[in-house]
Amino acid sequence: RKEVEQDPGPFNVPEGATVAFNCTYSNSASQSFFWYRQDCRKEPKLLMSVYSSGNEDGRFTAQLNRASQYISLLIRDSKLSDSATYLCVVNKGGGYQKVTFGTGTKLQVIP
Amino acid sequence: DAGITQSPRHKVTETGTPVTLRCHQTENHRYMYWYRQDPGHGLRLIHYSYGVKDTDKGEVSDGYSVSRSKTEDFLLTLESATSSQTSVYFCAISDGGANQPQHFGDGTRLSIL
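Sequence order for the protein chains is Z and S. My numbering numbers the first residue of the first sequence as 1 and each following residue consecutively. My numbering numbers the first residue of the second sequence as 1 and each following residue consecutively.
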């Protein structure tokens, strides 16, 4: 089993739709979690951290389910500019912030 | 955006030649990382640094070496480049702690012919 797994997609959704991605992780001792977005041929950029209690930033909501070992990202009212690849990142801890990146879920928002 | 500059941004070279990529930060962050990104593999850690002259290997370190003589600079060297090292290389920084995210430079596209 991979340490971090994501559905590669693509998820093709119309503008205004709500879309959700999940990311599963295998190490139950994982300490922190993040979502990044990566545009084509660009660097990954931090979208949001994922807190145990769940957190929201505008149209984006991130949640953590430790019991089932997954995190989720919900995007409401999708915009064309949301089209990107979304990377799930899990920090295993262990002193020097060793993180594992998922391979990403591609989102295409269609007019 | 975090102050991270990678150079060069693009490079084409031949098998067997040495290559050095540079990462420069202006954030005074303690931790610096080199990753490579290839289709189907996501980002994979090559080497990282937790201070000046303090470095350690990541999961794909074979064929790569690093040096950090100043807080702001982290160099990645391919001693004798091979075609399998054709990739996009990203530098990242963080100020440490389990809850601190990493921030990435723009990347270097390296092609080895």
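Glycine included, every Cβ here is placed at the ideal spot set by N, Cα and C.
The C-beta of T24 of chain Z has 16 or more other C-beta atoms within 10 Å across all chains shown, which makes the residue buried. At least one CB of chain S lies nearer than 8 Å to the CB of S32 of chain Z.
In the three-state reduction of the DSSP assignment, D82 of chain Z falls in the helix class, which pools H, G and I.
V109 of chain Z and Q100 of chain S have their C-alpha atoms some 30 Å from each other. For a cut-off of 8 Å, the C-beta gap from S49 of chain S to V66 of chain S is around 7 Å, short enough to register as a contact. When Cβ-Cβ separations below 8 Å define contact, L46 of chain Z makes contact with chain S. At a C-beta separation below 7 Å, F60 of chain Z has no neighbours in chain S, since its nearest C-beta there lies roughly 15 Å away.
D54 of chain S has S:G51 as its beta-bridge partners, per DSSP.
For D7 of chain Z and F21 of chain Z, the gap between their C-alpha atoms comes out near 8 Å. Neighbours of G102 of chain Z in chain S, taken as residues at a C-beta separation under 8 Å, are given in chain order as G42. Each of S:I4, S:R68, S:G96, S:Q85 was checked against the Cα of R44 of chain S, and the nearest Cα belongs to S:Q85. In this structure, V4 of chain Z lies away from I75 of chain Z, with their beta-carbon atoms at least 8 Å apart. In this structure, the beta-carbon distance from Q69 of chain Z to S28 of chain Z falls below 8 Å. A direct Cα-Cα distance of roughly 32 Å separates T105 of chain Z from D73 of chain S. Taking C-alpha positions only, A62 of chain Z is separated from F101 of chain Z by approximately 17 Å. The three-state reading of DSSP puts Q102 of chain S in coil, since its state is none of H, G, I, E or B. Within the stretch 19 to 45 of chain Z, the beta strand (DSSP E) runs of at least 3 residues that lie entirely inside it are, in chain order, 19 to 25, 32 to 38. For G105 of chain S, the closest Cβ of chain Z is nearer than 8 Å. As DSSP reads the structure, N12 of chain Z sits in a beta bridge with Z:Q108.
For P18 of chain S, no CB of chain Z lies under 8 Å from its own CB, so it is not counted at the interface with that chain. Within chain S, the residues F90, F104, G105, D106, G107 have their CB atoms less than 7 Å from the CB of E43 of chain Z, given in chain order. Here the alpha carbons of G58 of chain Z and D54 of chain S stand approximately 40 Å from one another. Sequence-distant Cβ neighbours of M32 of chain S in its own chain, meaning closer than 6 Å and more than five residues away, are S49, F74, I93. Under the three-state reduction of DSSP output, Q6 of chain Z falls in the strand class.
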